[in-house]
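Count along the sequence shown starting at 1, add 139, and that's the number in our numbering. Every residue gets a Cβ at the ideal spot worked out from N, C-alpha and C, and that includes glycine. Notes for the one structure printed next.
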Amino acid sequence: MTDVVKKEEIKLSDHFTYRKLIRFVIPSIVMMIFTSIYGVVDGLFVSNFVGKTEFAALNLIMPMIMIFGAVGFMIGTGGSALVAKTLGEGDNDRAQRYFSMLIVFDLIVGVVISAVGIIIIEPVAVLLKADAEMLPFCVQYGRIVLAFQPSFMLQNAFQSFLITAEKPKFGLGVTVCAGMTNIVLDALLVGFLRLGLVGAAVATGISQCVGGLIPLFFFMRENNSLLRLRRTKMELMPMLKACANGSSELMSNISMSLVGMLYNLQLMKFAGQDGVAAYGVIMYVNFIFVSFFIGYSIGAAPIVGFHYGAGNTDELKSLLRKSVIIVGLVGLFMTGLAESLAYPLTKLFVGYDAALFELTRRGFMLYSLSFLVCGFNIFGSGFFTALNNGAISAVISFLRTLVFQVSALFILPLVWEVDGIFFAIVAAEILAAVVTTVFLIVKRKKYSYF
């Protein structure tokens with residue numbers, strides 16, 4: 140029985156058929172989908188049990204919180220690519236040192252960001268045009284969630300490192316535990332005890348502790364994975380390399396948050412508080428759909444990084460070809476599914492308000508057209524990160540999530556008003572797909588992936 144189980148285990152050094160590739164990345168995909176679903180729970184409970192103003196306040200301040208948490212994604216994605224490449228080169232001892240150093244660094248930065256965020260959150264909320272009614276709710280929710288920032292950043296980093304450690308199923312289990320914690324506590328604190336935004340924030344914070352501390356304790360002990368935390372020292376060059384390599388994910392998250400703020404400003408201008416609430420619903424549902432692509436990219440990155448480090452160019456060609464086909468087919472499916480579910484999903488969040496419901500439903504149907512191409516762009520950026528080329532990955536992310544979207548966000552409403560705001564993402568993804576394709580062609584000889 141033991142021999143059979145061992146034969147079924149998937150290693151980074153394996154040749155990946157479609158079946159084996161999908162089996163390896165499925166835990167990461169499910170992990171990201173589940174993460175997005177339990178993230179949606181806060182909004183769902185606040186919208187239905189607390190009120191429209193509190194829901195709008197949560198959505199207004201959330202981009203700032205996500206900017207701070209993006210540092211954890213940077214360290215996790217950039218660091219896991221570096222560690223996977225080092226493992227592929229056969230230097231396990233150095234890989235362990237890098238891993239330990241990056242986790243300590245992540246924790247220290249998390250504490251600093253938590254303190255800074257709590258101090259500056261009120262002036263930031265004012266800068267984001269929170270009115271007198273929304274401001275206290277923005278500050279209340281933000282300060283509680285930011286108090287748990289170190290755990291949130293650990294959770295973000297471990298999502299990538301658990302895959303590199305060949306423990307994607309364990310990572311999925313941790314995410315499920317964290318998600319169920321958030322769902323149960325939201326139901327208890329917001330739905331039953333009626334603690335409002337305070338209850339939602341506490342539920343989120345405790346769930347982040349579950350997601351961050353369980354992997355921390357796992358890696359601190361003897362385990363059967365490729366990685367373990369050990370005594371280490373800060374090494375400037377590998378730390379800078381990991382951060383530079385993960386800068387695309389940092390840029391992507393920061394850009395999305397900044398763009399989210401601009402969306403809110405534009406929607407406040409064209410549609411008022413209802414526009415902000417509608418965009419909040421769309422973002423919650425959008426994250427569930429794009430989580431497949433994010434999860435696939437996170438899951439496939441250590442495989443790409445390992446084979447790049449080992450010099451297996453044939454496997455790189457195979458991985459790129461299979462991945463483009465997979466994300467393309469899923470993009471078609473996701474778009475059709477989103478269009479068909481626009482009505483019931485919108486009804487679930489804001490069915491209590493007819494005008495808000497119609498605004499949200501129409502916005503979501505326009506926005507969901509972006510699923511046709513966004514998977515290709517997300518994977519393309521992650522692919523270059525896995526190849527330890529953070530510069531190209533950052534350029535793709537920067538253009539896709541900031542330059543193209545901001546340009547479209549200010550130009551298209553001049554013609555189509557509110558519809559132009561929701562369609563901006565579609566225009567941005569199409570332009571980004573062109574850029575991603577050009578980079579893949581230009582760099583094909585350097586990396587020999589086709």
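- Between T303 and P441, the gap from beta carbon to beta carbon is short of 7 Å.
- When the Cα atoms are used, P377 and L151 turn out to be separated by approximately 22 Å.
- Pairwise C-beta distances place the stretch 369-386 in contact with the stretch 521-529, as three or more of them are shorter than 8 Å.
- Bounds of the alpha helix (DSSP H) holding V323 are 307-325.
- From the listed residues F488, Q405, Y435, the smallest Cα separation to G190 is found for F488.
- Taking each of K159, V179, V429 in turn and checking the Cα distance to G318, the smallest one comes out for V179.
- In the three-state reduction of the DSSP assignment, R500 falls in the helix class, which pools H, G and I.
- With respect to V164, A439 sits close: the two C-beta atoms are nearer than 7 Å.
- Between the C-alpha atoms of F188 and S587 there is a straight-line separation of about 55 Å.
- Between G227 and G521, the CB-CB gap reaches or exceeds 7 Å.
- Sorting L311, M203, R282, G502 by C-alpha distance to the C-alpha of S175 places L311 at the top.
- For I580, the uninterrupted alpha helix (DSSP H) segment begins and ends at 557-581.
- Within 10 angstroms of the beta-carbon of S219 lie 16 or more other beta-carbons, which makes it buried.
- Between I172 and G434 a beta carbon distance of about 7 Å is seen, short of the 8 Å cut, so the two are scored as contacting.
- Residue state for D413 is assigned as helix, using DSSP reduced to three classes.
- In the DSSP annotation of this structure, the continuous segment of the alpha helix (DSSP H) that includes M292 starts and ends at 288-303.
- Taking the C-beta atoms as reference points, P202 is found nearer than 7 Å to G399.
- Short of 6 Å from the beta carbon of G559, and not among the five residues preceding or following it, lie these beta carbons of its own chain, in chain order: L551, P552.
- If you look at S364, you'll find it isn't in any alpha helix (DSSP H); DSSP assigns it neither H nor E.
- A Cβ-Cβ separation of about 6 Å places G414 in contact with M407 under the 8 Å criterion.
- F510 places its beta carbon less than 7 Å from that of T474.
- Per DSSP, the unbroken alpha helix (DSSP H) holding V469 starts and ends at 452-489.
- Judged by pairs of C-beta atoms under 8 Å, the stretch 338-349 touches the stretch 280-292, as three or more such pairs exist.
- Residue range 335-359 is occupied by the alpha helix (DSSP H) that includes F357.
- Ranked by how close their Cα comes to the Cα of M170, the residues F309, A254, R333 have F309 in first place.
- Separation of D453 and Y157 (C-alpha to C-alpha, rounded to the nearest whole angstrom) is 15 Å.
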